[in-house]
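Following: one structure in structure tokens, then a few remarks.
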Amino acid sequence: MAASRHGAGPTRGSAMNVLSLDNPVFVTYMIAAAIMILKIMGQGWMTVFRMLKSDGGFVSPEDLRPGAINRNPRPEQLELNDYVDRSRRMHRNDLENIPAFFACGLLFVIASPSILVANALMYTFVVARLLHTLAYATKQSHEVRATLYTIGSVAVIIMAIYVLAAAIA
Amino acid sequence: MAASRHGAGPTRGSAMNVLSLDNPVFVTYMIAAAIMILKIMGQGWMTVFRMLKSDGGFVSPEDLRPGAINRNPRPEQLELNDYVDRSRRMHRNDLENIPAFFACGLLFVIASPSILVANALMYTFVVARLLHTLAYATKQSHEVRATLYTIGSVAVIIMAIYVLAAAIA
Amino acid sequence: MAASRHGAGPTRGSAMNVLSLDNPVFVTYMIAAAIMILKIMGQGWMTVFRMLKSDGGFVSPEDLRPGAINRNPRPEQLELNDYVDRSRRMHRNDLENIPAFFACGLLFVIASPSILVANALMYTFVVARLLHTLAYATKQSHEVRATLYTIGSVAVIIMAIYVLAAAIA
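Residue numbers (the numbering used here), protein chains in the order written: chain A, 1 to 169; chain B, 1001 to 1169; chain C, 2001 to 2169.
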């Protein structure tokens, strides 16, 4: 009975060991996803750092109350501040790409790609997103950002098509 | 020993084959999630397309540098452009709904709903979100958008309550 | 053969029962994630409620068409309305934190933490995010919000580092 429940063929492999540290494709996903999680959370801290450093870029009226964060409140602290807003735009760009990768990468693992393809697509995504962050933070030209955005986006799109094809096959 | 480790009853089924292509409920989730992943990524490309087509709607000061994307820089390219901003609002609306679906749908699969219920809720969500996109892009009245938003949102809420009930039962 | 495929040791446990209701750590994740899913979706409904209550805070020009939602259209309904925008900011803050938790928590479960550590980190995240929402809605000082944001963010960061360490070990 164990054989009949577990003996799925290679194309329709059982999930039993797929989502575990025994599966190198899953380990790749774990590493890529963990780095991207730290990237998203770190972006929030870049916004915090930039708000404190520039003593402005706040978005809520109550942030003009005096306190440990704001010792010298002034109305202009609520004005748009590119230094701080840039970090928020970077965050938004992350959110437009990375949560889709989280879901897509997990399903891609279950769709059983080769380890070479999985490493190529997932680490390409991670490197493209980290370089996109660097390009955005250092105000590189639109073309640089666009290229890195494209690379990351295409990696996710390829994985999503692979997942869809595996599911409807 | 295999039996004792795998022999969970129907209400507390083992996860071993739940997250695999052998489980029709999971296949539904794979298809629904993959379509939604392509939806999110495609929305980014709609924004890119609209920026290029309208030659404006940029959000970063450095985008006014001359280059392949911007051959004729002008300050008004940084002004709010409803054609481009609409795509960003559509993207934001996606992000307020779809990542929660990714997590919720996966947990819903593990909570072992019937295939009929799973198909109904997941495909309802997918269709409602695609029609919401269409309604937003074609500037339908607020009531149309609100109705489609409601349908998608309620589908996720029902799944989340089902998951919570299964977990605390 | 079943033994050889399933007999992984405690540090590299098989995934077969990890993502099931038999695993208390996974049940904690299910409960935490389901609450956070309801939180995200509920935030959308708070925005809807506040738009209807204040009869404004709209963001699309077509929302000025007369209809069931807007019986008395006026141009100022498109102006920034802090009561409504606050709910959108709360939503954005959720999106900057919660989808990363969805991915991180799932991987954390597979990385096999103790139930005590999992409960502590996951429920700390949930409580911190719910209190952050309460603090934001009631216009508490920036310091209060910042403290609750920090607690939730650090919980996710600790889980992500644990996942990364498990994957590269």
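Backbone N, C-alpha and C define an ideal beta-carbon position, used for all residues, glycine too.
Predicted, not measured: the structure shown is a model, and the values here were computed from it.
Asked: Cβ separation of B/Ala-1160 and C/Leu-2021, assumed to be a contact under 8 Å, to the nearest whole Å; Found: With 8 Å as the limit, B/Ala-1160 and C/Leu-2021 do not qualify as a contact, their Cβ atoms being about 16 Å apart.
Asked: Best match in C/Ile-2158, C/Met-2090, C/Arg-2074 for proximity to C/Leu-2134 [C-alpha to C-alpha]; Found: C/Met-2090
Asked: Under 8 Å from the C-beta of B/His-1142: neighbouring residues of chain C; Found: Phe-2058, Ser-2060, Glu-2062, Asp-2063, Arg-2065, Gly-2067, Ile-2069, Asn-2070
Asked: Beta-carbon proximity check, C/Ala-2034 vs B/Val-1163, cutoff 8 Å; Found: yes
Asked: Anticipated Cβ contact below 8 Å, A/Met-41 with C/Ile-2157, distance rounded; Found: 5 Å
Asked: Chain A within 8 Å of C/Ile-2110, Cβ atoms only; Found: yes
Asked: Residue environment, A/Tyr-83, which counts as buried when at least 16 other CB atoms sit within 10 Å; Found: exposed
Asked: Contact set between the segment 2113-2131 of chain C and chain B, restricted to residues whose Cβ is under 8 Å from the partner; Found: none
Asked: Whole-angstrom C-beta distance between B/Gln-1043 and B/Gly-1056, which should lie under 8 Å; Found: With a Cβ gap of about 19 Å, B/Gly-1056 and B/Gln-1043 do not count as contacting.
Asked: Cβ-Cβ separation, B/Gly-1152 to B/Phe-1125 (assumed contact under 8 Å), whole Å; Found: 5 Å
Asked: Segment limits, alpha helix (DSSP H) that includes A/Asp-82; Found: 82-95
Asked: Span separating the alpha-carbon of A/Ala-100 from that of B/Pro-1099; Found: 7 Å
Asked: Minimum C-alpha distance to B/Met-1046 - residue among B/Pro-1066, B/Leu-1080, B/Arg-1086, B/Ala-1068; Found: B/Arg-1086
Asked: A/Arg-145 to C/Asn-2081 span [Cα, whole Å]; Found: 33 Å
Asked: Chain A within 8 Å of C/Ala-2137, Cβ atoms only; Found: no
Asked: CB-CB length for C/Ser-2141 against A/Arg-65, believed under 8 Å; Found: 5 Å
Asked: CB of A/Pro-24 within 8 Å of CB of A/Ile-115, strictly; Found: yes
Asked: First and last residue of the uninterrupted alpha helix (DSSP H) at B/Val-1073; Found: In the sequence under discussion, the amino acid at residue 1073 of chain B is Pro, which differs from the Val named in the question. Unbroken run through B/Pro-1073: none, as it is neither H nor E.
Asked: Residues near C/Leu-2106 by beta carbon distance below 7 Å, same chain, minus five either side; Found: Tyr-2029
Asked: Alpha carbon of B/Leu-1131 to alpha carbon of B/Lys-1039, nearest angstrom; Found: 11 Å
Asked: Rounded separation between B/Ile-1031 and C/Thr-2150 - CA only; Found: 36 Å
Asked: Spatially closest choice to B/Ser-1060 from A/Asn-70, A/Val-154, A/Asn-93, by CA coordinates; Found: A/Asn-93
Asked: B/Phe-1058 in three-state terms, based on DSSP; Found: coil
Asked: Rounded straight-line distance, which links the Cα of B/Ala-1111 to that of B/Gly-1009; Found: Confidence at B/Gly-1009 is low in this model, with a pLDDT of 37, below 50, so the placement of that residue should be treated as unreliable; the coordinate-derived value is given next. The straight-line gap from Cα to Cα measures roughly 13 Å.
Asked: Contacts around C/Leu-2095, its chain only, beta-carbon distance under 8 Å, and the 5 residues preceding and following it disregarded; Found: Ile-2040
Asked: Which of helix, strand or coil DSSP assigns to B/Asp-1063; Found: helix
Asked: Reference B/Thr-1138, options C/Arg-2129, C/Asp-2063, C/Gly-2067, C/Phe-2102, closest by Cα; Found: C/Asp-2063
Asked: Between the CA atoms of B/Ala-1118 and A/Arg-5 - distance to the nearest angstrom; Found: Per-residue confidence for A/Arg-5 stands at a pLDDT of 35, beneath the threshold of 50, marking its modelled position as unreliable; the derived number appears in the next sentence. Looking at the two C-alpha atoms, the distance is approximately 23 Å.
Asked: Neighbour list for C/Gly-2044 in chain B, Cβ cutoff strictly below 8 Å; Found: Glu-1096, Asn-1097, Tyr-1149, Ser-1153
Asked: Within-8 Å CB hit, A/Phe-49 to chain C; Found: no
Asked: A/Leu-107 - containing alpha helix (DSSP H), residue span; Found: 98-110
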